[in-house]
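>
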Amino acid sequence: MSDQHIVVRGAAQHNLRHVDLAIPRGKLVVVTGVSGSGKSSLCFDVIYAAAQRRFVESLSVRARSLVDQLPKPQVASVSGLPPAIAIAQEAGFPNPRATVGSVTDVSDYLRVLFGSVGVAHCPRCQRAIQPRTASQIAQALVRAAPATEVRLFAPLVRQRPGDPASALAAARRAGMTQVRVDGEDMALDAVPSLDPARPHTIFALAATLAPASLLNGASGPSEHLLQALTSALELGKGVVAIDDGNGSFSLWTEHYACPVCGVSVRKPTPGLFNWNTPSGMCPDCNGLGTHLEVDPELIVQDPRRSILDGAVRWYGEIRTRRPVWEVQLLRALAAHYDVDLEQPWNTLPEAFRDALLYGTGDATFRFVYQSERESGLSGERVTTFEGLAPMIARRYRETNADTMRQQYQSYMRRRPCSACDGTRLRPEARGVTVADQSYAAVDRLPLSDAYAWISSLADDPRLLPPGQHTLVADVLATIRERLRVLCAVGLPYLTLDRPADTLSHGEHQRIRLATQIGGGLVGVLYVLDEPTTGLHPRDVDALLATLRRLRDEGNSVLVVEHDPAIIAAADWLIDIGPGAGVHGGTVVAQGTPKDVAATPGSLTGRYLSGELAVTPPRARRDPPAQWITLSGVRHNNLRHVTARFPLGRLVGVSGVSGSGKSSLVVDTLYPALAARLHNATEPAGAHDTLDGWEQVTRVVIVTQEPIGRSPRSVPATYVDIFDAIRALFAATPAAKERRWSASHFSFNVAGGRCPVCEGLGQQRVEMQFQPDTWVVCPECDGARYTREALAMTYRGQSIADVLAMDVETALSFFADQPAIARPLQVLSDVGLGYLQLGQSAYTLSGGEAQRVRLARELSLPERERVVYIMDEPTTGLHSADVQHVVDMLHRLVDRGHTAIVIEHNLDVLRACDWLIDIGPDGGAAGGMIVAEGPPEALSCNTISLTAAYLQCACGAAACIAD
């Protein structure tokens, strides 16, 4: 059986309950289940970890020390295990120099292509520079087969003023008798006196050859032709001019230098196109392609306000501020320009606005200053004004304090380097082309267009110089295949120069998947975590074809997934559950998707069979009277978009991957609202105006990042109930007798916590040639507290017992404590009743972390009107968890808040009150609002790529009809 299956026995990692399982090899196997059921624990922490450890154990001791090893899985045995590669949803690439091209290795092959067959160009006249030997020039001349005599000229002077006597003397010594001076042929001895102040062009006639003398009797060039060319090149210092008698006068060179301008260029090599090395990087930006520059739009935060009321963020609201030095200087500048600071910024004279932002230059004005202190300086002087933008840039360069650099940087944006136009390359590299395309131009093409261009080169040898196609055929084939796979996994809209640190987790994962597919491995186990993350339904089919191709090449594919299309296409489906946390960890069902759908105890099966479906809790809300309007958005690929978001509604933003959804909502709307509501300094994407923001009091972005930055963060602290719990313990008679306060029951400060593990409940053990491991603290046995603290109980339970309770148990235990019960009830309502109060935040999945965040928001008092922004809140969620998210979103809206979700999940989209669809496609083909309105209206749109999929979903959902 192990020959055809991966056999797992006794898997007890995390919440897995001694799982025994046989997974067929050479198949597309999908593992599904509710969030927190144990899917990732089985696939990554058991199966992949076991495979990795076997690989590491085969290495030398020194090699092991260099490998980042996974902890040993808690499993009895794993047999039949092939070599494994895990492609998980990890953080992106922190290196600012990394791009899509570099992380996929396409850039390396592209550099070889341009370094091998690239044609350099003169930076002055843009003439192609193609060095040729005398033999190559002769062969080209023979191929041209001129019908008249051919004359070879050696350039002596080219468009240069001065006395040409020395050049003419050199020609005379070489035995030349005829010259061409400024286009006129004459004898060398008959050259008249030339004006040294004017530029002249002089060629010496090296040879005149009849057509018959070009050949040696066969098909090759004659010896006479080769000797004549060699002499002409020697006299012309590597350049020869050929007049074929038919009006064609061409220059040929044997050096990397322009035959007309004489400008030398570097020979193209792969290193010339590497912006990470001095030989290829732009000297101005050091290969980054960008500079930090002060942006006036970030200085003037609201042009409709007056300066006194805070239009200029640098000054803030100065109407009631003390007249500090810089405010007095501002008022003096305004008086000089006769400007009323009560007037809105956008109505002030342009001369004053330019002076305030960029300075007065040499122009001076009168400045009367008065110190706030009686003993301070006062007086009058004539001065200039530096300007806010130059001043901020100067202070940014001069300061060494990180906090000040961050403050100044909040007024800056990254702009393309003006020297290299953002290409990162030095001028010599930018002048090299292949088939009329520069390296930078190819780097900026969408991957789909780059694939088409490379395919044309591979299929048509005529597009490359003669004899060069064979040289780079293998390189072209490799680039072509890698680009094809990148497009196939749903990334045709990306460009090769896209910075890798701007990719989403889903894009990052699919790039890693494409890179592995391009490796052509066979007999490997691929373990993938939610590869459909961030994918529009349109792109899922292409991804599915890629997974099947991996399988058909002789590999095993193990996928953690919730997408219905992937689940339905599985060769074998494993459902982990039945619930999450302590209620999960068992194999509920396995078999074909049809088998699982017929299993009564499988929650996944009930959704597959149609017995269950995600439904909104109420009818659609009508459009409101109040809206937030974001106008003129031109960030990334957005094309001056104006978007309207209804307040007090559930708003969905849809569109294919790369269409501009995140650019609109996360990069522009959220920072713009945060700047106005919270004085945040994060730069917003370029836009004109933001209207309607005064109608809300707060903006919150809810992500799936971990809820804490340390292992001490637990759900009880995050939802703010642990303080109340500790207060109850401090009020017990035993605590009062010992004069213990609530702080003694905290595991974060000294007092009642265990002094050995300092309240962690576990200790790190350093291993010399193995990864560090965590063991239960021997002093407190994982309880976090001292024996004295554990002896104090509330209703018979110690503080450690309370932290070990799950939400449902704690809700019953603290039913008479509203401050504790209310947040616990919300956690239960959002489907997190299985979480332990003291469970480390690091063990929560992304979906669990997001729901904990939403639960905290739902437990807050209803005193504010909040805009909640979520980017794909259903990532990693089972359909049952999606139902919880939909219910939560509607609860937020019922409380008067606004929820804006970027989403691909059709169940969530059809549950929205209002949809905004961005498109029509990704990248340069997107960036527009193609449809907006209720889901039913959107589904009838003929331009929207979302419409066809939404139409099916809405047609089957009569429950959301008005």
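Counted the way our numbering counts, the sequence shown spans residues 8 to 969. Every residue gets a Cβ at the ideal spot worked out from N, C-alpha and C, and that includes glycine.
Under the three-state reduction of DSSP, which class applies to Met183: helix, strand or coil?
Start at 1 with the first residue of the sequence shown, and residue 183 comes out as number 176. Met183 falls in the coil class under three-state DSSP.
> Go ahead and pull the three-state DSSP assignment for Arg420.
Along the sequence shown, one-based indexing puts residue 420 at 413. Three-state result, Arg420: strand.
> Within its chain, find whatever has a CB closer than 7 Å to the CB of Gln890; leave out the 5 residues flanking it on each side and keep chain order.
Numbered from 1 along the sequence shown, position 883 holds the residue referred to as residue 890. Contacts found: Val621.
> Output the boundary residues of the beta strand (DSSP E) element that contains Pro162.
As a working mapping, residue 162 is identified with position 155 in the sequence shown. Segment Val157 to Arg167, the beta strand (DSSP E) holding Pro162.
> Contact check, Pro585 vs Gly608 under 8 Å by CB: the rounded distance?
On the sequence shown, residue 585 is found 578 positions in, with the first residue counted as 1. On the sequence shown, residue 608 is found 601 positions in, with the first residue counted as 1. Yes, they are in contact, since the Cβ atoms of Pro585 and Gly608 sit about 6 Å apart, within 8 Å.
> When the Cβ atoms of the stretch 547-563 are set against those of the stretch 572-590, are three or more pairs found closer than 8 Å?
yes
> Give me the Cβ distance between Cys289 and Cys427, rounded to the nearest whole Å; I'm assuming they're in contact under 8 Å.
Indexing the sequence shown from 1 puts residue 289 at position 282. Indexing the sequence shown from 1 puts residue 427 at position 420. Between Cys427 and Cys289 the Cβ distance is about 4 Å, and since that is below 8 Å, they are a contact.
> Could you check the C-alpha separation between Gly853 and Asp788 for me, to the nearest Å?
To locate residue 853, count along the sequence shown from 1; it is residue 846. To locate residue 788, count along the sequence shown from 1; it is residue 781. Approximately 29 Å, taken between the alpha carbons.
> Since I believe Val873 is in contact with His904 (beta carbons under 8 Å), could you give me their beta-carbon distance rounded to a whole number of angstroms?
Taking the first residue of the sequence shown as position 1, residue 904 is located at position 897. Taking the first residue of the sequence shown as position 1, residue 873 is located at position 866. That pair is a contact at about 5 Å.
> Tell me the rounded alpha-carbon separation between Thr502 and Asn293.
Against the sequence shown, residue 502 aligns to sequence position 495. Against the sequence shown, residue 293 aligns to sequence position 286. C-alpha separation (whole angstroms): 21 Å.
> Opposite Gly598 in the DSSP bridges: which residues?
Residue 598 sits at position 591 when you count from the first residue of the sequence shown. According to DSSP, Gly598 bridges with Leu580.
> Can you list, in chain order, the stretches of the beta strand (DSSP E) that have 3 or more residues and sit fully within the stretch 68-123?
List check, beta strand (DSSP E) in window: 84-86 and 91-94.
> Helix, strand or coil: which one does DSSP assign to Thr622?
Position 615 of the sequence shown, counted from the start, is the residue given in the question as residue 622. Coil.
> In chain order, which beta strand (DSSP E) runs of at least 3 residues are fully inside the stretch 903-969?
Entirely contained in the stretch 903-969, the beta strand (DSSP E) runs reaching 3 residues are, in chain order, 905-909, 921-926 and 935-940.
> Sort Ala731, Asp878 and His885 by Cα distance to Asp823 and report the nearest one.
Taking the sequence shown and counting its residues from 1, one reaches residue 823 at position 816. For the residues Ala731, Asp878 and His885, the minimum Cα distance to Asp823 belongs to Ala731.
> Under three-state DSSP, which class holds Asp481?
If you number the sequence shown from 1, residue 481 lands on position 474. Looking at Asp481 - three-state DSSP - the assignment turns out to be helix.
> Taking the alpha carbon of Glu701 as the reference point, which residue from Leu680, Pro713, Arg902 and Val709 has its own alpha carbon closest?
Your numbering for residue 701 matches position 694 in the sequence shown. The option with the nearest alpha carbon to Glu701 is Leu680.
> Would you check if there are 3 or more beta carbon pairs closer than 8 Å linking the stretch 843-863 to the stretch 624-643?
no
> Suppose only complete runs of 4+ residues qualify. What are the alpha helix (DSSP H) ranges in the stretch 15-75, listed by chain order?
56-64 and 68-72
> In terms of DSSP beta bridges, what is Phe652 paired with?
Within the sequence shown, numbered from 1, the residue matching residue 652 stands at position 645. In the DSSP output, where bridge partners are listed per residue, Phe652 has Ile635.
> In whole angstroms, what separates the C-alpha of Gly513 from that of Ile714?
In the sequence shown, the residue the question calls residue 513 occupies position 506. In the sequence shown, the residue the question calls residue 714 occupies position 707. About 20 Å.
> Could you check if Lys46 is buried or exposed, using at least 16 other CB atoms within 10 Å of its CB as the buried criterion?
Taking the first residue of the sequence shown as position 1, residue 46 is located at position 39. With at least 16 other beta carbons inside 10 angstroms of its own, Lys46 counts as buried.
> Who are the near neighbours of Ala895 in its chain, counting only those whose CB is closer than 6 Å to its CB and skipping five residues on each side?
Along the sequence shown, read from residue 1 onward, the residue named residue 895 stands at position 888. In the sequence under discussion, the amino acid at residue 895 is Met, which differs from the Ala named in the question. Once the five neighbours on either side are set aside, the close Cβ partners of Met895 are Val837 and Leu861.
> Here's the rule: buried if 16 or more other CB atoms are within 10 angstroms of the residue's CB, otherwise exposed. What is Met183?
Here the question's residue 183 lines up with position 176 in the sequence shown. So Met183 counts as buried.
> Apply the 10 Å Cβ neighbour rule to Ala127 and answer buried if 16 or more other Cβ atoms are within range, or exposed otherwise.
Here the question's residue 127 lines up with position 120 in the sequence shown. When all chains shown are included, Ala127 counts as buried.
> What residues in its chain sit with their C-beta under 6 Å from that of His231, if we drop five residues either side in the sequence?
Reading the sequence shown from its first residue, position 224 is the one you call residue 231. Cβ neighbours of His231 beyond the five flanking positions: Ser220.
> Can you tell me whether Arg870 is helix, strand or coil according to DSSP?
Walking along the sequence shown from the start, residue 870 turns up at place 863. The three-state reading of DSSP puts Arg870 in coil, since its state is none of H, G, I, E or B.
> Would you say Trp352 and Val307 are within 8 Å of each other, going by their C-beta atoms?
Locating residue 352 in the sequence shown gives position 345, counting from the first residue. Locating residue 307 in the sequence shown gives position 300, counting from the first residue. Yes.
> Let's test the definition: count the other Cβ atoms within 10 Å of the Cβ of Ala848 and tell me whether it reaches 16, buried, or not, exposed.
Mapped onto the sequence shown, residue 848 falls at position 841. Ala848 counts as buried, since at least 16 other C-beta atoms from the protein chains shown sit within 10 angstroms of its C-beta.
> With respect to the alpha helix (DSSP H) encompassing Met895, which residues constitute its N-terminal and C-terminal limits?
Numbered from 1 along the sequence shown, position 888 holds the residue referred to as residue 895. For Met895, the enclosing alpha helix (DSSP H) covers residues Ser886 to Asp901.
> Enumerate, from N- to C-terminal direction, the unbroken beta strand (DSSP E) stretches of 3 or more residues contained entirely within the stretch 243-329.
246-250, 256-260 and 297-301
> Quick check: Leu88 and Ile13, are their CB atoms within less than 8 Å of each other?
In the sequence shown, the residue the question calls residue 88 occupies position 81. In the sequence shown, the residue the question calls residue 13 occupies position 6. Closer than 8 Å, so yes.
> Since Leu163 contacts Ala172 with CB under 8 Å, what's their CB separation in whole angstroms?
Along the sequence shown, read from residue 1 onward, the residue named residue 163 stands at position 156. Along the sequence shown, read from residue 1 onward, the residue named residue 172 stands at position 165. At roughly 11 Å, the Cβ-Cβ gap does not stay under 8 Å, so Leu163 and Ala172 are not in contact.
> Check whether the stretch 251-259 touches the stretch 140-154, taking contact to mean three or more Cβ pairs, one atom from each stretch, closer than 8 Å.
yes
> What separation, rounded to the nearest whole angstrom, lies between the Cα atoms of Val375 and Arg421?
For the purposes of this step, residue 375 is taken as the residue at position 368 of the sequence shown. For the purposes of this step, residue 421 is taken as the residue at position 414 of the sequence shown. Going from the Cα of Val375 to the Cα of Arg421 covers about 38 Å.
> Select from Leu295, Ile144 and Ala362 the residue whose C-alpha is nearest the C-alpha of Asn102.
By one-based count along the sequence shown, residue 102 stands at place 95. The residue with the shortest Cα to Cα distance from Asn102 is Leu295.
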